[in-house]
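Quick notes on the structure that follows.
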């Protein structure tokens, strides 16, 4: 399954493939992560658009992340250094998505 | 009545809006910008701090330095949604605000100003607005920010709340057949109608961009 992922890091658990057959994850491992939270305003199509545009995720990955936000209330959309994640959170805020940064492994 | 956005052969994005729709969009964009400025204490004149920083008066220079460094915590519930805390940890959230809030506000205000300029250049009557991709992104972001403010005023907290608001409105309309609508209800009817228009416009633009 050729899924285009920026900062892909083999060996991490996968959102796109929970069974772990494809060892790829959204973003790379890192001590910090960007969390996007559900809200009643943002259109599903808009969230997918933002994730594709900012992170360069494929439609499939962006749609899965959007559904995770919608159904579970939150999703980790990127991992990396604190600086990297701060940039991502700022970008999510610029699009009006509710995002926070967390130390990886908090949830 | 607005027509959906479509991609034209030259690559630009176009949509027809009537005069009333354009007036509404310009007005809510202006009100959102005013709300952000008022709540975060941002001077409408961006040259003000620059001039203060270059002043001969050392007190004014000091004032400008502090004003530039200060990132005021939003007080208004809608502005809180536009500028959310970036962490549950208050120290981390405060630091993030101090470093990034001004840039974030500048970006949002620039998007809103660009939307107002696009509407103005299209003229007051029924006409087509034509956007390049950069303008389309600015419009998407601005529409979203305005919708966040309207949603706050409608007290939308969870998925499905807007459907509930619409349902209550329809029940209210049936009840009102016997009595005159109250002032508050007329106000929220307008907010509901504007929210629906902007949601529809945003969805239509997303489809055209896809």
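Chains as they are written, first to last, in the working numbering: chain A, 1 to 107; chain B, 1 to 210.
Even glycine gets a Cβ: it sits at the ideal position worked out from N, Cα and C.
The structure presented is a predicted model; accordingly, all values stated were derived computationally and were not measured.
Residue i - DSSP class collapsed to helix/strand/coil
i             : result
residue 73/B  : coil
residue 121/A : Not covered by the structure: residue 121/A. The range shown for chain A is 1 to 107.
residue 129/B : strand
residue 6/B   : strand
residue 148/B : helix
residue 153/B : helix
residue 101/A : strand
residue 79/A  : strand
residue 15/B  : strand
residue 60/B  : helix
residue 74/A  : strand
Same chain, Cβ closer than 7 Å to residue i, neighbours up to 5 away in sequence not counted
i             : result
residue 103/A : 31, 32
residue 91/A  : 54
residue 208/B : 5, 6, 7, 13
Test: residue i CB closer than 7 Å to a CB of chain A
i             : result
residue 31/B  : no
residue 36/B  : no
residue 151/B : yes
residue 109/B : no
residue 145/B : yes
residue 192/B : no
residue 148/B : yes
residue 104/B : yes
Residue i versus residue j: straight-line alpha-carbon distance, rounded
i             : j             : result
residue 159/B : residue 140/B : 20 Å
residue 82/B  : residue 17/B  : 27 Å
residue 38/A  : residue 44/A  : 10 Å
residue 29/B  : residue 113/B : 8 Å
residue 55/B  : residue 104/B : 27 Å
residue 12/B  : residue 134/B : 10 Å
residue 128/B : residue 196/B : 20 Å
residue 118/B : residue 105/A : 45 Å
residue 125/B : residue 99/B  : 43 Å
residue 56/A  : residue 31/B  : 33 Å
residue 26/B  : residue 15/B  : 16 Å
residue 42/B  : residue 167/B : 38 Å
residue 202/B : residue 144/B : 8 Å
residue 37/B  : residue 111/B : 14 Å
residue 22/B  : residue 189/B : 19 Å
residue 162/B : residue 101/A : 29 Å
Test: residue i CB closer than 7 Å to a CB of chain E
i            : result
residue 55/A : Chain labels in this structure do not include chain E; the protein chains are A and B.
Residue-chain proximity (residue i, chain B), Cβ-Cβ < 7 Å
i             : result
residue 100/A : yes
residue 43/A  : yes
residue 105/A : no
residue 31/A  : no
Beta-carbon contacts of residue i that lie in its chain and below 8 Å, excluding the five residues immediately before and after
i             : result
residue 35/B  : 76, 78, 79, 149
residue 171/B : none
Interface residues of chain A facing residue i [CB-CB closer than 9 Å]
i             : result
residue 100/B : 86, 89, 90, 93
residue 82/B  : 93, 96
residue 94/B  : In chain order: nothing, as chain A lies at least about 13 Å away.
8 Å Cβ cut-off: residues of chain A touching residue i
i             : result
residue 199/B : 43
Cross-chain neighbours of residue i in chain A, by beta carbon under 7 Å
i             : result
residue 86/B  : 89, 100, 101
residue 202/B : 43, 46
Own chain residues within Cβ distance below 6 Å of residue i, not counting five before or after
i             : result
residue 86/B  : 93, 96
residue 204/B : 4, 5
residue 48/A  : 62, 63, 66
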